[in-house]
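The structure appears below as structure tokens.
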């Protein structure tokens, strides 16, 4: 089952990368380059804000995954310049890097987490990081909400045929490909299909506003002492990590010097 999940997700992102690439090439050939002032209509600008907030969320995960700042910088530039094509390539690359054992267990879990964090609930991170993450995504959500309200007030409804230019269409394809990537994560995170369906519907209808809302809601499920990366995994794997951490702590305690416990010390002396 897990191996088939890896195959299905890999095929999905390869197809999406090809589709977005073909869309960009076709739009460039038929409508010219996108770097033209007349293309930057109010709703195009709002769509780009929406798009790059989702890119920010994906980039945060990439920064977590990559230990090297040079690789981080390269992937960030590619995400900004190529959008969802980079997302698809990066996810596919992470899937192909999985060992056969990891693919047979839980491929999504192993793709999401860094190797040094798998199976361990590391509490070295401070509550500051969780608090900052909450604040950042709350601000981004408010930014998108403000942008949406301002654009509606100044330019009217987005549901007008004249707004659907070739490059806006291509941007929407790019945008919703990233939404699909985030939806795969949401589906993995949610314990039942009803809640997953509701969140995915919100992602489709509200874009990055739904993304920020979901991330903030998940961050509030973490305790202040938890590291932020635990937001990536579902509650089942989070509990397993906690149990493993407690078991390691208990074994460490039992191996300590007997004199640290008065009862053990007395029993040792009597013997």
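In the numbering used here, the protein residues as written are 1197 to 1467. In this text, a Cβ means the ideal position worked out from N, Cα and C, and glycines have one as well.
Exercise. Can you check whether the CB of residue 1361 is closer than 7 angstroms to the CB of residue 1253?
Worked result: For this step, residue 1253 is matched to residue 57 along the chain shown. For this step, residue 1361 is matched to residue 165 along the chain shown. Cβ distance not < 7 angstroms, so residue 1253 and residue 1361 don't count as in contact.
Exercise. Do you know offhand how far residue 1378's Cα is from residue 1199's?
Worked result: Within the chain shown, numbered from 1, the residue matching residue 1378 stands at position 182. Within the chain shown, numbered from 1, the residue matching residue 1199 stands at position 3. Linking residue 1378 to residue 1199 through their CA atoms gives a straight-line distance of about 21 angstroms.
Exercise. Are residue 1367 and residue 1243 closer than 7 angstroms when you measure CB to CB?
Worked result: Position 171 of the chain shown, counted from the first residue, corresponds to residue 1367. Position 47 of the chain shown, counted from the first residue, corresponds to residue 1243. Between residue 1367 and residue 1243, the C-beta spacing is below 7 angstroms.
Exercise. When we look at the beta-carbon of residue 1213 and count the other beta-carbons within 10 Å, is it buried (16 or more) or exposed?
Worked result: Here residue 1213 corresponds to residue number 17 of the chain shown, with the count starting at 1. Counting of Cβ neighbours within 10 angstroms places residue 1213 among the buried residues, the total reaching 16 or more.
Problem set entry | Start and end residues, alpha helix (DSSP H) containing residue 1268 | The residue you call residue 1268 lines up with position 72 of the chain shown. Unbroken alpha helix (DSSP H) run through residue 1268: 1265-1278.
Exercise. Looking at C-beta atoms only, is the number of pairs between the stretch 1385-1398 and the stretch 1217-1234 that lie closer than 8 angstroms three or more?
Worked result: Touching, no.
Exercise. At which residues does the alpha helix (DSSP H) containing residue 1308 begin and terminate?
Worked result: Here residue 1308 is taken as the residue at index 112 of the chain shown, counted from 1. First-last of the alpha helix (DSSP H) with residue 1308: 1303-1308.
Exercise. In the structure shown, what three-state DSSP assignment does residue 1214 receive?
Worked result: Within the chain shown, residue 1214 is the residue found at index 18, counting from 1. Collapsing the DSSP output to three states places residue 1214 in a helix.
For this session: Compute the Euclidean distance between the alpha carbons of residue 1417 and residue 1223, then round it to the nearest angstrom.
Result: Walking along the chain shown from the start, residue 1417 turns up at place 221. Walking along the chain shown from the start, residue 1223 turns up at place 27. Residue 1417 and residue 1223: Cα-Cα distance of roughly 43 angstroms.
For this session: Note down, in chain order, each residue of its chain lying with its Cβ closer than 7 angstroms to the Cβ of residue 1429, except the 5 sequence neighbours on either side.
Result: Start at 1 with the first residue of the chain shown, and residue 1429 comes out as number 233. Around residue 1429: 1305, 1308 and 1309.
For this session: Count the other CB atoms, across all protein chains shown, that sit within 10 Å of the CB of residue 1264; report buried if there are 16 or more and exposed otherwise.
Result: Position 68 of the chain shown, counted from the start, is the residue given in the question as residue 1264. With fewer than 16 other beta carbons inside 10 angstroms of its own, residue 1264 counts as exposed.
Exercise. Residue 1354 by DSSP, collapsed to three states: which one?
Worked result: For the purposes of this step, residue 1354 is identified with residue 158 of the chain shown, where counting begins at 1. Residue 1354 sits in coil when the DSSP states are folded into three classes, being neither helix nor strand.
For this session: Would you grab the beta carbon distance between residue 1202 and residue 1299 for me? Rounded to a whole angstrom, and I think it's under 8 angstroms.
Result: The residue you call residue 1202 lines up with position 6 of the chain shown. The residue you call residue 1299 lines up with position 103 of the chain shown. With a beta-carbon spacing of about 5 angstroms, residue 1202 and residue 1299 fall inside the 8 angstroms limit used to define contacts.
For this session: Evaluate residue 1279 with the Cβ neighbour count: other Cβ atoms within 10 Å of its Cβ, from every protein chain shown; 16 or more gives buried, anything less gives exposed.
Result: Position 83 of the chain shown holds residue 1279. Counting Cβ neighbours within 10 Å, residue 1279 comes out buried, since at least 16 surround it.
Exercise. When burial is assigned at 16 or more other CB atoms within 10 Å of the CB, is residue 1442 buried or exposed?
Worked result: Translated into positions along the chain shown, residue 1442 becomes position 246. In this prediction, residue 1442 has a pLDDT of 47, which is less than 50 and means its spatial position is unreliable; nothing more can be read from the coordinates.
Problem set entry | Nearest residue (CA-CA) to residue 1241, options 1284, 1269, 1275 and 1343 | Here the question's residue 1241 lines up with position 45 in the chain shown. Among 1284, 1269, 1275 and 1343, the Cα nearest to that of residue 1241 is on 1343.
Exercise. Run through DSSP, which three-state label would residue 1232 get?
Worked result: Translated into positions along the chain shown, residue 1232 becomes position 36. Here residue 1232 sits in coil by DSSP.
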